[in-house]
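**Student:** Its first residue numbered 76, the sequence shown is counted upward by one per residue in our numbering. What follows is a single structure, and I will ask about it in a moment.
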Amino acid sequence: MQVLDQIFPKDAATQPSLVIVYFGGNDSLGPHSSGLGPHVPLPEYIENMRKIALHLKSLSNTTRVIFLSCPPVNEAEVQENTRNSKIFSELVRTNELCQSYSEACVELCQEMGVKVVDLWTAIQQRDDWSTACFTDGVHLSAEGSKVVVEQILKVLNEAEWEPCLHWKSMPTEFGEDSPHY
C-alpha cells in the first residue's frame, strides 16, 4: 500500500494495459508471537485489495486488472521445512488459512467487477497438485506456473475487453520473424 502511488502514478503519461495483482500467500500466514512477519489480518487484506483495485481501475479506461487469489500449499512439506528452521518454526501456513484469503479475494473481485483467477481451486484440479505444483510446498514449480499461465490466458481470451489483450488477438509486428503457433 505504501508504494502503490509510486509504482502506478495516476498522472503518468502512459498507463499500463494490464496489471496482474498477486497477493495473499504471505499475508495468509498465521500471526507470529513477536508481532513481526508478513501476516496481514483478513479484514485488512480485503481492504488493502479493495484499495489496490480502485486505484488500478482509476488509472485509465483501458487499464485492465486481473487478481490472482491465494493458492493452496502442501502442508506436509511446509511443516517439514519449517520444523528444520528456527526462524520459520513458529510460522503457521495452512490450507485453511490460504482458502479463506482466496475466497475473500474472489468474493471481493466479483463484488467490484474485477477479473480474478481462483488459484486455490485451479491448482487443486490436478490429482498430483500437492507434489507437482510446488518446489517446497509453497513456491510454484514449473507445473504450478503452467496452471497460472493457463488461467491467465483463459481470462484474457474470455474477457470482452476492447482491445482484446489475448496474444492471438494482437497485431504481429514482425510476422515473418515470429514462430508460427
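Note that the Cβ used here is the ideal one computed from N, Cα and C, for glycine as well.
1) Hey, out of GLY100, LEU117, ARG125 and LEU131, whose CA is closest to ILE82's CA?
2) What do you reckon, are the CB atoms on GLN154 and ALA197 nearer than 9 angstroms?
3) Suppose the cutoff is 8 angstroms on Cβ atoms and the five residues either side in sequence are ignored; what does the same chain contact list for SER216 look like?
4) Buried or exposed for ASP86, going by 16 or more other Cβ atoms inside 10 Å?
5) Determine the extent of the beta strand (DSSP E) in which LEU129 is found, giving its start and end residues.
6) What is the C-beta distance between VAL191 and SER144, in whole angstroms, given that I count them as a contact (C-beta under 8 angstroms)?
7) Please classify ASN170: is it buried, with 16 or more other beta-carbons within 10 angstroms of its beta-carbon, or exposed?
8) In three-state DSSP terms, what is LYS190?
9) Please list the terminal residues of the continuous alpha helix (DSSP H) segment that includes VAL222.
10) Given a threshold of 16 other Cβ atoms within 10 Å of its Cβ, counted over all protein chains shown, does ASP193 qualify as buried or as exposed?
11) Whose CA, out of SER205, THR89, VAL222 and MET187, lies closest to the CA of GLU150?
12) Specify the secondary structure class of LEU79 as computed by DSSP and reduced to three states.
13) Cβ atoms of LEU93 and LEU240: under 9 angstroms apart, would you say?
14) Helix, strand or coil for LEU240? Go by DSSP, reduced to three states.
15) Could you check where the beta strand (DSSP E) with LEU104 kicks off and where it finishes?
16) Taking the alpha carbon of GLU235 as the point to measure from, which residue in ALA179, THR137, VAL213 and GLN200 has its own alpha carbon closest?
17) Rounded to whole angstroms, what is the Cα-Cα separation between GLN90 and MET187?
**Tutor:** Quick answer:
1) LEU131
2) no
3) ALA207, CYS208, PHE209 and THR210, listed in sequence order.
4) By the Cβ neighbour-count rule, ASP86 is exposed, with fewer than 16 other Cβ atoms within 10 Å of its own.
5) LEU129 -> not in any beta strand (DSSP E); alpha helix (DSSP H) instead, spanning 117-132.
6) About 6 angstroms separates the beta carbon of VAL191 from that of SER144, a gap short enough to meet the 8 angstroms contact definition.
7) buried
8) strand
9) Note, VAL222: alpha helix (DSSP H), 217-233.
10) buried
11) For the residues SER205, THR89, VAL222 and MET187, the minimum Cα distance to GLU150 belongs to SER205.
12) helix
13) yes
14) coil
15) Run containing LEU104: none; DSSP gives neither H nor E here.
16) Relative to the Cα of GLU235, the nearest Cα in the group ALA179, THR137, VAL213 and GLN200 belongs to THR137.
17) 21 angstroms
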